[in-house]
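Undergrad:
Number of protein chains: 2
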Amino acid sequence: MAMAAADAARRRVLVTGATGFIGYHCLAPLVERGFEVIATHCSREPPALPGVTWLAADLLEAGAAARVVAAARATHLLHLAWYVEPGRMIASPDNLRWVSASLDLMRAFREQGGERCVVSGSCYEYDWRYGYLSAALTPRTPDTFYGCAKNGLYETFRGYCAATGLAGAWGRVYFLYGPRENPRRLVSSVILALLAGREAPSSHGEQVRDYMHVQDVADALVALLDSPATGAWDIASGRAVTIRHIVERIGVLTGRAGLLRIGALPARANDLPLVVGDPTALQQQLGWRPQFDLDRGLAHTIDWWRSHS
Amino acid sequence: MAMAAADAARRRVLVTGATGFIGYHCLAPLVERGFEVIATHCSREPPALPGVTWLAADLLEAGAAARVVAAARATHLLHLAWYVEPGRMIASPDNLRWVSASLDLMRAFREQGGERCVVSGSCYEYDWRYGYLSAALTPRTPDTFYGCAKNGLYETFRGYCAATGLAGAWGRVYFLYGPRENPRRLVSSVILALLAGREAPSSHGEQVRDYMHVQDVADALVALLDSPATGAWDIASGRAVTIRHIVERIGVLTGRAGLLRIGALPARANDLPLVVGDPTALQQQLGWRPQFDLDRGLAHTIDWWRSHS
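The listed protein sequences correspond, in order, to chains Z and P.
Counting in our numbering, the first sequence tops out at residue 309, every number present.
Counting in our numbering, the second sequence tops out at residue 1309, every number present.
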């Protein structure tokens, strides 16, 4: 690893969205891989972390991208910032602002001499009716604004990389759970209810989804950044698990299965039966392996909430 | 037409790129249809035209979109501005800036109360290997930055329209010729050479392309704006004509066929044999018909250059 140490001085990464769910979990792995980390934070107070320098910035403000890029002088960019308010992100007009802000950031980064950029995309870019989703095969004809915006940004990004020589990769993230998740999201909300001794209502739960522990997602994005890989990658487990199974495992692992109320909530309109990603490229070409299986990941998350709620 | 006159006060269109090749040809038809026209111009001096109010604006400048939109207070937006330098537009990094500027403009327009927006897209958004291109069928997997940028903008635009209720349509433009074309483009350059008594070199010319007179293209975009239609539309003739045929007709119509040097120039790399658009939707659903066939269009263009060169 002598070479990695020698290279460290030249490897500076600017991380946006670094106080967010995925962003936070990228910071330690980046430091471990020898990156000097410059991380942006906006509304939330940033945590003190060794090896991480924080920059306050609202990337939606005019001129913010140029200012942050000039301050960071980074060789690498890991762009994760986006509007992610549960229940609102899918249709919010603010998705347009994040496309525009992301383009400004990419351009400022490249023009300042940036070399390599990884951006978080989403399984929402695909046509979910295909069920099993793969960058290699699946048409990207999203029917949500969030999906359209990420797909629109991806199209522009891949063209910009080809036109300017920027080494860019795009990691399409699927469903997540883990420490620090927004308490209104599925896994957090069920864990928090059960730990508090409250009933946990959920929908029928027969939907099959590709869920990953956030640390595995973060590690995959960092591995992508720290590789020469370009193009679009599915950051997916490939494991087809029902929501019902996840909820039931939380019941077993907390010892409070009696508080589950599966079927008490209506399913969302247009909640398609199967959304599973293809992990082949990630596993075979990038050599990535998840650290957590579902039971270990849920147990880890339950432990974290026990000590943080 | 009493109703159209009564409505005129409420129909104000902001036209960007209005001194450009297509934009200029949209102005008279818009005025004829009863629109009050606010047109932006950037580097070029704007022509004085009855019914058209000019606004100087460089839409790539920060804040320009908001300023122009606030000044125009338009109900309609016809967004044509883009970087179109021949030979450079296909790969220029500036395509990214135009995506970002276009998003800023759409958002400012919608937030100010704008109702209807038509944007010029391009046949470059499609995978040309399909040859016969149609919004209804053809995969959009462009291999140029210009195509990626337009496609990325389209994806974001269609999602934004759905999310905000903006009535938006997207007109994919194919190949054009006509008065005021950049003299370095195919039809203009051949006409100008022959009119000047110079040799006109061209490639083998066996490529089949869908060419339309710019006035027909402009009329179709204006018809789209002045309709309730949404979604993506091919602004195409559907006529499969070889470049060689176009060049030979210019030779005949100018009486200088002897100066043609077909085959004297190499064909471009990756110059696919067939690029023809599907005019079915435009003709059947929008009821649009071209004014010019190829011979009439070329004769009209030659006459224009005779009096302007």
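Just so it is clear, CB atoms sit at the ideal spot from N, CA and C, and this is done for glycine as well.
Since the model is a prediction, treat every value here as computed from it, not as a measurement.
Can you give me the Cβ contacts of Z:V318 inside the same chain, cut-off strictly under 7 angstroms, excluding the 5 residues immediately before and after it?
TA: Outside the displayed range of chain Z (1 to 309) lies residue 318 of chain Z, so it cannot be described from this structure.
Undergrad: Is the segment 15–27 of chain Z touching the segment 63–80 of chain Z, taking contact as three or more C-beta pairs under 8 angstroms?
TA: Short answer: they touch.
Undergrad: Can you check DSSP and say which residues form a bridge with P:I1090?
TA: The partner list for P:I1090 (beta bridge, DSSP) is empty, contrary to what the question assumes.
Undergrad: Does the Cβ-Cβ distance between Z:L286 and Z:A229 come in under 8 angstroms?
TA: Against a cut-off of 8 angstroms, the Cβ pair of Z:A229 and Z:L286 comes out as a contact.
Undergrad: Going by C-alpha distance, which of Z:A39, Z:L274, Z:F145 is nearest Z:A240?
TA: With distances taken between Cα atoms, Z:A240 lies closest to Z:L274.
Undergrad: Which of the residues in the segment 1071–1086 of chain P, read from start to end, lie with their CB under 8 angstroms from any CB of chain Z?
TA: Answer set for the segment 1071–1086 of chain P: empty.
Undergrad: I'd like to know whether the C-beta of Z:N270 is nearer than 8 angstroms to at least one C-beta of chain P.
TA: For Z:N270, the answer is no, since every Cβ of chain P falls outside 8 angstroms of its Cβ.
Undergrad: If we call anything under 8 angstroms between Cβ atoms a contact, is P:Q1283 one with P:D1216?
TA: Cβ distance not < 8 angstroms, so P:Q1283 and P:D1216 don't count as in contact.
Undergrad: Strictly under 8 angstroms for the Cβ-Cβ distance: is Z:A149 near chain P by that measure?
TA: Answer yes: the Cβ-Cβ gap between Z:A149 and chain P drops below 8 angstroms somewhere.
Undergrad: For the alpha helix (DSSP H) that contains Z:Y83, what are its first and last residues?
TA: First-last for Z:Y83: undefined, no H or E at that position.
Undergrad: Should P:E1155 be flagged as near chain Z, meaning a C-beta pair shorter than 8 angstroms?
TA: Interface residue, yes.
Undergrad: In or out: Z:S92 buried (at least 16 other Cβ within 10 Å) or exposed?
TA: So Z:S92 counts as buried.
Undergrad: Let me make sure I understand the geometry here. Which of P:L1059, P:T1144, P:G1165 has the alpha-carbon closest to that of P:N1270?
TA: Selected option, being the one with the closest Cα: P:T1144.
Undergrad: Using a beta-carbon distance below 8 angstroms, is P:D1234 in contact with chain Z?
TA: Chain Z, which has no Cβ nearer than 8 angstroms to the Cβ of P:D1234, makes this no.
Undergrad: For the segment 165–183 of chain Z, which residues have a CB atom closer than 8 angstroms to at least one CB atom of chain P, in sequence order?
TA: From the segment 165–183 of chain Z, no residue has a Cβ closer than 8 angstroms to chain P.
Undergrad: Since I believe Z:T164 is in contact with Z:V208 (beta carbons under 8 angstroms), could you give me their beta-carbon distance rounded to a whole number of angstroms?
TA: Contact doesn't hold; Cβ gap of about 40 angstroms is too wide.
Undergrad: Does the Cβ-Cβ distance between P:L1253 and P:L1186 come in under 8 angstroms?
TA: No, the Cβ-Cβ distance between P:L1253 and P:L1186 is not below 8 angstroms.
Undergrad: Evaluate contact between the segment 67–74 of chain Z and the segment 105–122 of chain Z, counting only Cβ atoms and requiring at least three cross-stretch pairs below 8 angstroms.
TA: Contact between the segment 67–74 of chain Z and the segment 105–122 of chain Z is present, because at least three Cβ pairs lie under 8 angstroms.
Undergrad: Can you list, in chain order, the residues of its chain whose CB lies under 6 angstroms from that of P:Y1036, leaving out five sequence neighbours each side?
TA: Note that residue 1036 of chain P corresponds to Glu in the displayed sequence, not to Tyr. Counting only Cβ-Cβ distances below 6 angstroms, and skipping sequence neighbours, we find R1012.
Undergrad: Who are the Cβ neighbours of Z:A65 in its own chain at under 7 angstroms, not counting the five residues just before and after it?
TA: Within the same chain, Z:A65 has close Cβ partners L59, A101, D104, L105, A108.
Undergrad: Using three-state DSSP, classify Z:R268 as helix, strand or coil.
TA: Z:R268: coil per DSSP, three-state reduction.
Undergrad: Leaving aside the five residues before and after P:A1008 along the sequence, list all residues of the same chain whose C-beta is less than 8 angstroms from its C-beta, in chain order.
TA: Note that P:A1008 scores a pLDDT of 47, beneath 50, so its modelled location is shaky and nothing firm can be said.
Undergrad: With a 10 Å radius around its C-beta and 16 neighbouring C-beta atoms as the bar for buried, classify Z:H308 as buried or exposed.
TA: Z:H308 should be labelled exposed.
Undergrad: Please list, in chain order, the residues of the segment 1088–1106 of chain P that have any C-beta partner in chain Z closer than 8 angstroms.
TA: Against chain Z - using a Cβ distance shorter than 8 angstroms - the residues of the segment 1088–1106 of chain P are A1091, S1092, P1093, N1095, L1096, R1097, V1099, S1100, L1103, D1104, M1106.
Undergrad: Using 8 angstroms as the limit for Cβ to Cβ distance, is Z:A28 near chain P?
TA: Judged by the 8 angstroms Cβ criterion, Z:A28 is not in contact with chain P.
Undergrad: Would you mind stating whether P:I1235 and P:L1225 have Cβ atoms separated by less than 8 angstroms?
TA: Result no, Cβ atoms of P:I1235 and P:L1225 do not sit closer than 8 angstroms.
Undergrad: Kindly indicate which three-state DSSP category P:F1157 falls into: helix, strand or coil?
TA: Helix, per DSSP.
Undergrad: Using 8 angstroms for Cβ pairs, my map puts P:Y1146 next to P:M1089. What's the rounded Cβ distance?
TA: About 6 angstroms separates the two Cβ atoms, so the contact holds.
Undergrad: Start and end of the beta strand (DSSP E) containing Z:E248?
TA: Counting along the chain, Z:E248 falls outside any beta strand (DSSP E), though it belongs to the alpha helix (DSSP H) covering 243–254.
Undergrad: Can you tell me whether P:A1196 is buried or exposed? The criterion is at least 16 other CB atoms within 10 Å of its CB, across all chains shown.
TA: So P:A1196 ends up on the exposed side.
Undergrad: Rounded to a whole number of angstroms, what is the C-alpha to C-alpha distance between Z:P142 and P:E1125?
TA: Roughly 17 angstroms separates the two Cα atoms.
Undergrad: Give the residues of chain Z in contact with P:A1062, contact being defined as C-beta atoms less than 9 angstroms apart.
TA: Neighbours of P:A1062 on chain Z, chain order: A62, G63.
Undergrad: Is P:H1204 helix, strand or coil by DSSP?
TA: It is coil, neither helix nor strand.
Undergrad: When you compare the CB positions of Z:L96 and P:T1138, do they come within less than 8 angstroms of one another, or not?
TA: Not closer than 8 angstroms, so no.
Undergrad: Taking only three categories from DSSP, how would you classify Z:F292?
TA: Coil, per DSSP.
Undergrad: Whole angstroms are fine: how far does the CA of P:D1278 sit from the CA of P:D1127?
TA: One C-alpha to the other measures close to 14 angstroms.
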